[in-house]
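The working numbering numbers the first residue of the sequence shown as 2 and each following residue consecutively.
Backbone N, C-alpha and C define an ideal beta-carbon position, used for all residues, glycine too.
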Amino acid sequence: MCGIVGISHHKEASQMAFLGLYALQHRGEESAGIVTYDGKETHVIKKMGLAVDNFDESNIGKLKGHVAIAHTRYSTTGSNAVKNVQPIVVTHRKRPMAVAHNGNLTNTEELYSRLEEEGAIFQTSMDSEVIVHLLARAANGDLKEWFLKVLAQLKGAFSLIFLVEDTIIGARDPHGFRPLSLGKLGDGYILASESCAFDLMKAEFVREIEPGEVVIIKGNKIESVFLPGASKAVRAHCVFENIYFARPDSHIFGDNVYQVRKRLGAQLAKEHPAKADFVMGIPDSGNYAALGYAQELKMPFEIGMIRNHYIGRTFIQPTQFLREFRVRVKLNPIREMIEGRRVVVVEDSIVRGTTSRNRIAEIREAGAKEIHMRISCPPIISPCFYGIDFPSTRELIAHSKSVQEIADFIKVDSLAYLSLEGMMAVMKTQGDFCTSCFTGKYPLHIPSNADKLILEKQ
Ligand code: AMP
2 MCGIVGISHH KEASQMAFLG LYALQHRGEE SAGIVTYDGK ETHVIKKMGL
52 AVDNFDESNI GKLKGHVAIA HTRYSTTGSN AVKNVQPIVV THRKRPMAVA
102 HNGNLTNTEE LYSRLEEEGA IFQTSMDSEV IVHLLARAAN GDLKEWFLKV
152 LAQLKGAFSL IFLVEDTIIG ARDPHGFRPL SLGKLGDGYI LASESCAFDL
202 MKAEFVREIE PGEVVIIKGN KIESVFLPGA SKAVRAHCVF ENIYFARPDS
252 HIFGDNVYQV RKRLGAQLAK EHPAKADFVM GIPDSGNYAA LGYAQELKMP
302 FEIGMIRNHY IGRTFIQPTQ FLREFRVRVK LNPIREMIEG RRVVVVEDSI
352 VRGTTSRNRI AEIREAGAKE IHMRISCPPI ISPCFYGIDF PSTRELIAHS
402 KSVQEIADFI KVDSLAYLSL EGMMAVMKTQ GDFCTSCFTG KYPLHIPSNA
452 DKLILEKQ
């Protein structure tokens, strides 16, 4: 998963790009990069780590130009390594170009093999690099034709932002798996994964980029075209963006994420009410559904655990050891609230089950009398091939365990998940979502050898 930003025309483009990355940091904490173009050349700073650690006044000032694109990464194709830090910056026939990608292509290997046969040399192990090679081969004076030709060859999930000299190009795959929005700031336009980036820049939210749409932005001029077949493609917005990934203050897929999460919680309450003294969420991701749950049943909502804000999202650390350490550091239960009480604990989802097990143990240690866990989505049984880094099937706890077995593993008195129908019923555009992680039914063909490290095992 990744966050992407594009600034078409602003005298402090690099600063705006930095604010965009700051707002989108939750979409990936592995690396952050900004590329600008000053009319003659590109300027690039990209490093492993958080945006706030990578950029300061002195280095942002070196990123000259009115045009910028930026990227923050959580790897879904290719390992967490320096060579894979985006945006990818290249020069083709003296023309500087850069790309920032969110999503996962599903025809990576096919394109990669073809390009390799033709003599391409790859510097990264990311699917995104394939795109710049395709661009180099199809180079054309007409930017629109050029990009349409290349983007039409891509399959899978992609929200993309390109910089080609002083032009910014944004594109979203015809299924619309990942979000991408358009904002207006002064004389120019902004593109960003989520609208919360516009709020920080004090930019105006204009609209979402449509599935299959390509926008070509030069200064204050914007042109919109569609990929061939875009109107016929089934929409498949990632429902997990709404459940967990996106920020609650963002507007994505035609809805506000906070309100969606509260509706999920209310629906969960209708399906699985529990008798308890109060409802609490696992902070922060479970809080919104917990509030919806409590309001629906007219039960008290309490903050039963406090989050240490100086530590990032726990799943973002790729090793299990660090993940577990961070889980412990991150949340602390309030004993005075919990001791001797029956609690409903709401969490947005269970992936491996290890975080939940630790958190429940802490609530138990704080003296809870009964713990009833409620999950605001159905059991996750299948991996994601479209850009969420879910572990292999083997590691997904609900793939091999029943709800009762999961309850035993996590050590709760009762456990219940929201139904698939209930989840879809609260979405505004009900037929337009990808729910493959809950159903194992994929809207787009998945190659049998699909793997995060596909380009590292050749
Ligand atoms: P666990 O109990 O270990 O399955 O952790 C569940 C928590 O991690 C929930 O808040 C999930 O939404 C969150 N999470 C979100 N995405 C992932 C992911 N790709 N891998 C692991 N956990 C994730």
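Taking 6 Å as the line, does the beta carbon of residue i fall inside it for any heavy atom of the ligand AMP?
i    : result
V352 : yes
E357 : Just to set this straight, residue 357 is Ser in the shown sequence, not Glu. Answer for S357: yes, Cβ within range of the ligand AMP.
D433 : no
Y311 : no
S286 : yes
F148 : no
F163 : no
D390 : yes
Y245 : yes
D349 : yes
With DSSP as the reference, please indicate the residues paired to residue i in a beta bridge.
i    : result
L106 : G157
N257 : H252
T73  : G4, A33
I361 : Per DSSP, none; premise fails for I361.
A99  : V90, L164
N221 : Bridge partners of N221: none, in fact.
E214 : F227
E348 : I376
E205 : K185
A417 : R375
P334 : M306
Throw me the rounded Cβ distance for the residue i and residue j pair, which I believe falls under 8 Å.
i    : j    : result
A158 : R138 : Actually they do not touch by this definition, with Cβ atoms about 23 Å apart.
V83  : V36  : So it is not a contact: roughly 16 Å between Cβ atoms.
T168 : K219 : 5 Å
G177 : V216 : Not confirmed; about 14 Å, so no contact.
P444 : A237 : 4 Å
T436 : V240 : 5 Å
G368 : R336 : 6 Å
S251 : S196 : 5 Å
L228 : A295 : With a Cβ gap of about 44 Å, L228 and A295 do not count as contacting.
What is the rounded straight-line gap between the Cα of residue i and the Cα of residue j?
i    : j    : result
G184 : K47  : 24 Å
E303 : L292 : 9 Å
L269 : K442 : 23 Å
T315 : H400 : Note that T315 scores 49 on pLDDT, short of 50, meaning its location in the model is unreliable; the coordinates nonetheless yield the value given after this. Near 22 Å, if we compare the C-alpha coordinates of H400 and T315.
H102 : V151 : 14 Å
L332 : R262 : 21 Å
I132 : G104 : 13 Å
S232 : S194 : 22 Å
R264 : E111 : 41 Å
S126 : N81  : 10 Å
M306 : T77  : 30 Å
G79  : D128 : 8 Å
G62  : G189 : 20 Å
M2   : M281 : 28 Å
L181 : D54  : 25 Å
E363 : A198 : 35 Å
V427 : G7   : 32 Å
H93  : A99  : 10 Å
L149 : P301 : 54 Å
M338 : T355 : 24 Å
Would you please verify whether the beta carbon of residue i is less than 7 Å from any beta carbon of chain D?
i    : result
I361 : The chain inventory of the structure shown lacks chain D, comprising one protein chain alone.
Can you give me the Cβ contacts of residue i inside the same chain, cut-off strictly under 7 Å, excluding the 5 residues immediately before and after it?
i    : result
L416 : M374, V404, I407, A408
L201 : L20, Y23, A24
P379 : Y418, L419, S420, L421, M424, F439
I447 : T107, F386
Y38  : G66, V68, P97, L164, E166, D167
H134 : L116, A121
H11  : M17, H67, L186, G187, G189
E396 : R353
I372 : V344, V346, I361, I364, R365, V413, D414
Report all residues from its chain with a CB closer than 6 Å to the CB of residue i; omit the five preceding and five following residues, and keep chain order.
i    : result
S32  : M49, R74, V86
S15  : I35, T37, I61, L64, A69
A267 : G293, E297
Go through its chain and collect everything with a Cβ distance to residue i's Cβ below 8 Å, but skip five positions before and after it.
i    : result
L298 : A270, P274, V280
I376 : L269, V347, E348, D349, S350, I351, L416, A417, Y418, L419
L221 : Here residue 221 turns out to be Asn, not Leu, going by the sequence shown. These residues qualify, in order along the chain: S9, H10, D188, G189, Y190.
E42  : P97
With a threshold of 6 Å (Cβ to nearest heavy atom), would residue i be considered close to the ligand MG?
i    : result
A277 : Looking for the ligand MG in the displayed structure turns up nothing; the ligands present are the ligand AMP.
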